[in-house]
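For the sequence shown, this note's numbering gives the first residue as 11, with consecutive numbering after it.
Virtual Cβ for every residue (Gly too), placed ideally from N, Cα, C.
Structure first, commentary second.
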Amino acid sequence: MLFSSFAVALGLLSITSNATPTHKKRIDYGVPTSWRDFGTSLVKSQRNTIALNAMNTMIGLGGTNQSVGGLGYWQSANVWSALALKDLYAGTKDYESISLDAVRDTIKQFPYFRYDAYNDDTLWWATAAVYQYKAYGNTDALSWAEYSWANVAPSQITGTSGHGKSFTWGTCNGKSLNGAVFWTTSSNDASTNAITTGLFMTLSAWLYEATGNKDYLNAAVAAYDAINRLFYNTSTNLINDSLDVTTCSGPDWVFTYNSGKFIEGTAVLGAVTGNSAYTNAALTVAVAAMKNGPWQGSNGIITETSSSTHSKNNDAWGFKAVYIRGLAELYRRQSASNSGLLTLVHSYIDTQANALIDLASDTLTWSNATSYAADWEGPYDGMYAWTQLAVLDTFGAFVMVNSP
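So, in structure tokens, the structure goes:
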């Protein structure tokens, strides 16, 4: 993944040592009344139709399994992830064959899903495989995910040297780097970031749930601790982006997907361990992201990348899909007793889905809309593969978070 190489580094936002997210009892789950249209009268079959239409349009763009509609390698993994997750949420198997075939083809072409030196590119595909295992019970997919995990695991930091690097490192502002995951396998690349570490945490938690292997649990906990120490911002309760392990400097970027992947990973980790500290971390970051995230206005509609040139692809188009995915997993893992969180997530996702249908779709009607604009506040100005990708997780989650 290349995004972090072309923005301007301004200095990592301040974090405190061993940051611990606010306890659940202090969280305000109230839904902001300024959010636009945060409910729906559409029944499950209608919501599923909306998701199917958007996903079938995405698939119809052609290309290869690793470049759907001209998307990049990691973005294409998220196409197959979104399809499998929609089936998981809806209890369907609409995309079982096509998604499994795509991921099987990829691991045959690129062992371990290793397409390049970027660990996150590998992990997006491994995570797609674990979603397929959850959605379809396919044990081949589970094996692919485990195989890929073993290839990335040596990049999780322990100590102050090694891991295929040509340099050494110490601590950053007195904080250990242990548990963080190097962004790439390149010997001279000193970058670690929240998304690579968060992906590894999440994949490890999913694999521990599936297998009971404590190696996965230990890796997930170490990655969680690293994000908490190095990237968790105690002022905003959001997740910062990255740092150089030799200089301890990094940008002050705040992207949806860093918080989204942290939410997903800690939601799974909390569920599989029964440790409320992880769940509370997920809840804290989720509420901060939905109610105070810098990527939306008072109407609650996500605007991240809306000002970018719509006809030009960049990594950031798909960030908000990963964020919605994290919220959906948190919703799926919460019991009915936490009605406040369930209502807040459902309202937030409905706000996005309704905006897409009413303001940004090609027809402005739910029944026959097939494609969506880059700007979720509209107007519709054409569809591109990267803008279509961004909506898939929203419509998959839209199926799940409403009843009937």
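**OP:** Assuming W216 and V278 form a contact by the criterion Cβ under 8 Å, report the distance between their Cβ atoms to the nearest whole angstrom.
**Re:** Right, their Cβ atoms sit about 6 Å apart.
**OP:** Quick one: using the 10 Å Cβ neighbour count with 16 as the cut-off for buried, is G260 buried or exposed?
**Re:** With a 10 Å radius around the Cβ and a threshold of 16 neighbouring Cβ atoms, G260 comes out buried.
Original post:
Thinking C-alpha only, which one of W396, M410, D403, F408 is nearest Q85?
Top reply: Of the candidates W396, M410, D403, F408, the one whose C-alpha sits nearest the C-alpha of Q85 is W396.
Original post:
With distances taken between CB atoms, is the gap from A379 to T373 smaller than 8 Å?
Top reply: Yes, they are a contact pair.
Original post:
How many Å lie between S176 and A200 at the Cα?
Top reply: Those two C-alpha atoms are separated by around 9 Å.
Original post:
Expressed to the nearest angstrom, what Euclidean distance is found between the alpha-carbon atoms of S107 and A138?
Top reply: About 14 Å.
**OP:** Give the range of the alpha helix (DSSP H) segment to which L152 is assigned.
**Re:** Looking at the DSSP string, the run of the alpha helix (DSSP H) that includes L152 is 149-162.
**OP:** Rounded to whole angstroms, what's the CA-CA distance from W179 to T202? Just pull it up for me.
**Re:** Roughly 12 Å between the two C-alpha positions.
Subject >> Reduced DSSP category for I60 - H, G, I as helix; E, B as strand; rest coil >> reply: The three-state reading of DSSP puts I60 in helix, counting H, G and I together.
Subject >> Neighbour-count burial assignment, T195, 16 or more Cβ in a 10 Å radius >> reply: Of the other Cβ atoms in all chains shown, 16 or more fall within 10 Å of the Cβ of T195; this residue is therefore buried.
Original post:
Which of helix, strand or coil does DSSP assign to D235?
Top reply: Looking at D235 - three-state DSSP - the assignment turns out to be helix.
Subject >> One or two residues paired with L253 in a DSSP bridge >> reply: Its beta-bridge partners are T202.
Original post:
If you count every other CB in all the chains shown that lies within 10 Å of the CB of H33, and 16 or more means buried, which is it?
Top reply: Only weak support is given to the placement of H33: the predicted model assigns it a pLDDT of 42, under 50, and the value that follows is read from those uncertain coordinates. Label assigned to H33: exposed.
Subject >> In DSSP terms, what G336 is bridged to >> reply: Residue pairing for G336: DSSP places it in no beta bridge.
Original post:
What's the gap between the Cα of V225 and the Cα of D385?
Top reply: For clarity, residue 225 is Asp in the given sequence; the question names Val instead. Each residue's alpha carbon lies about 42 Å from the other.
Subject >> Residues bridged to T194 [DSSP beta-bridge criterion] >> reply: Y128, per the DSSP bridge assignment.
**OP:** Excluding the 5 residues preceding and the 5 following G275 in the sequence, name in chain order all residues of the same chain whose CB lies nearer than 6 Å to its CB.
**Re:** Correct list, in chain order: G208, M211, T212, A215.
Subject >> the stretch 142-157 in contact with the stretch 94-103 per 3-pair CB rule at 8 Å >> reply: These segments touch.
Subject >> Extent of the continuous alpha helix (DSSP H) run through E387 >> reply: Taken as a continuous stretch (DSSP letters only), E387 belongs to no alpha helix (DSSP H), as it is neither H nor E.
Subject >> Beta-carbon contacts of N58 that lie in its chain and below 6 Å, excluding the five residues immediately before and after >> reply: Counting only Cβ-Cβ distances below 6 Å, and skipping sequence neighbours, we find A100, V409.
Original post:
Between which two residues does the alpha helix (DSSP H) containing M300 stretch?
Top reply: Run containing M300: 286-302, per the alpha helix (DSSP H) assignment.
**OP:** Could you name the residues of the same chain whose beta carbon sits closer than 7 Å to that of N309, not counting the 5 residues immediately before and after it, in chain order?
**Re:** Residues of the same chain with a CB within less than 7 Å of the CB of N309, apart from the 5 flanking positions on each side, are S44, W45, R46 in chain order.
Original post:
Between Q76 and the rest of its own chain, which residues show a CB-CB distance below 7 Å, the 5 nearest in sequence each way excluded?
Top reply: Around Q76: Y83, S86, T116.
**OP:** Let me know if T181 comes out buried or exposed under the rule of 16 or more other beta-carbons within 10 Å of its beta-carbon.
**Re:** Per the 10 Å Cβ criterion, exposed.
Original post:
So, is Q119 buried or exposed, given that buried needs 16 or more other C-beta atoms within 10 angstroms?
Top reply: Result: exposed.
**OP:** Could you tell me which residues DSSP puts in a beta bridge with K185?
**Re:** The partner list for K185 (beta bridge, DSSP) reads C182.
Original post:
In chain order, what residues of the same chain have a beta carbon less than 7 Å from the beta carbon of A163, not counting five sequence neighbours either side?
Top reply: If we look at A163 and ignore the five residues flanking it on each side, its Cβ neighbours are A229.
**OP:** Check S165 in the structure and name its three-state DSSP category.
**Re:** Looking at S165 - three-state DSSP - the assignment turns out to be helix.
Original post:
First and last residue of the alpha helix (DSSP H) that includes H356?
Top reply: Counting along the chain, the alpha helix (DSSP H) containing H356 begins and ends at 349-369.
Subject >> Spatial neighbours of G280 in its chain, beta-carbon cut-off 6 Å, leaving aside the 5 residues before and after >> reply: Its chain contains Y288, T289 as the residues whose beta carbon lies nearer than 6 Å to that of G280, once the 5 sequence neighbours on both sides are disregarded; these appear in chain order.
Original post:
Thinking C-beta only, is G307 closer than 8 Å to T313?
Top reply: Closer than 8 Å, so yes.
Original post:
Any idea what DSSP makes of N243, helix, strand or coil?
Top reply: Correct three-state label for N243: strand.
Original post:
Buried or exposed: where does N238 fall if 16 or more other Cβ atoms within 10 Å of its Cβ makes it buried?
Top reply: The residue is buried, with at least 16 neighbouring Cβ atoms inside 10 Å.
Original post:
Does DSSP put T74 in a helix, a strand or coil?
Top reply: Residue state, collapsed to three classes: strand.
Original post:
Beta-carbon separation of A400 and K330 under 8 Å?
Top reply: Cβ distance < 8 Å, so A400 and K330 count as in contact.
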